[in-house]
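Undergrad: Going by my numbering, the letters in the sequence shown line up with residues 2 to 41, in that order.
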Amino acid sequence: YVDPQGNATGYDDVFTRIEKYRAHFENVGLGADYVKRFMR
């Protein structure tokens with residue numbers, strides 16, 4: 002992600018997305034480990 006001046010403000014990769022999904026599944030009551038169902 003970049004701001005209007007082209008400076009980096011953040012990024013997403015597989016690891017940041019896994020952490021986001023882990024937090025989401027925990028918040029909705031499925032448990033943080035639920036994300037493991039989608040990984041090999």
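Don't be surprised by glycine CBs; every beta carbon is placed ideally from N, CA and C.
Quantities reported herein were computed from a predicted structural model and do not represent experimental measurements.
Since I believe Y2 is in contact with T10 (beta carbons under 8 Å), could you give me their beta-carbon distance rounded to a whole number of angstroms?
TA: That pair is a contact at about 5 Å.
Undergrad: Helix, strand or coil for V108, going by three-state DSSP, please let me know.
TA: A question about residue 108 goes unanswered here, because the residues of the chain that appear run from 2 up to 41.
Undergrad: Taking the alpha-carbon positions, what's the N28 to M40 distance?
TA: C-alpha separation (whole angstroms): 20 Å.
Undergrad: Which partner residues does A9 have in the DSSP bridge list?
TA: Beta-bridge pairing links A9 to V3.
Undergrad: Could you check what DSSP says for R18 in three-state terms: helix, strand or coil?
TA: In the structure shown, R18 sits in a helix (DSSP, three-state: H, G or I).
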